[in-house]
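Step one of this worksheet: look at the structure below.
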Amino acid sequence: MALYESIAFALFALVTVGSAAGVVLVRDVWHSALLLGVSLVSVAVFYVLNMAAFVATMQILVYVGGVLILITFAVMLTREDESAIEVTP
């Protein structure tokens, strides 16, 4: 069983590091917020692997459910409409 846990840990470590790097490197704010959600959910998987189900549940409810939704609403409310911008020659 330890082999499967090591494989799961390595897989989710790659997912966490990759998505965290994507949050910083991606130019689009919407895609960055989605990658942040992937990163936070994969951190919750680490809590599950450490037998801390309550902390994993709170990670998903508070951070993914709260912070990520707040970022998503902020992005949607502050985004400029590209069709409304007029260019004068």
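Residue numbers for the sequence shown follow our numbering, so the first one is 59 and each next one is one higher.
Just so you know, even glycine gets a beta-carbon here, dropped at the ideal spot from N, CA and C.
Bear in mind that the values here come from a model prediction, so they are computed numbers and not experimental data.
Nearest-angstrom Cβ-Cβ length linking residue i and residue j, presumed shorter than 8 Å
| i | j | result |
| --- | --- | --- |
| Val-101 | Thr-74 | 6 Å |
Local conformation of residue i per DSSP, three classes
| i | result |
| --- | --- |
| Ala-110 | coil |
| Met-59 | coil |
| Val-87 | helix |
Alpha helix (DSSP H) segment containing residue i, residue limits
| i | result |
| --- | --- |
| Glu-138 | Careful: Glu-138 lies outside any alpha helix (DSSP H) and carries neither H nor E. |
key: Validate contact between the region 61–81 and the region 91–101 using beta carbons, cut 8 Å, 3 pairs   = Flag = yes, the region 61–81 and the region 91–101 touch.
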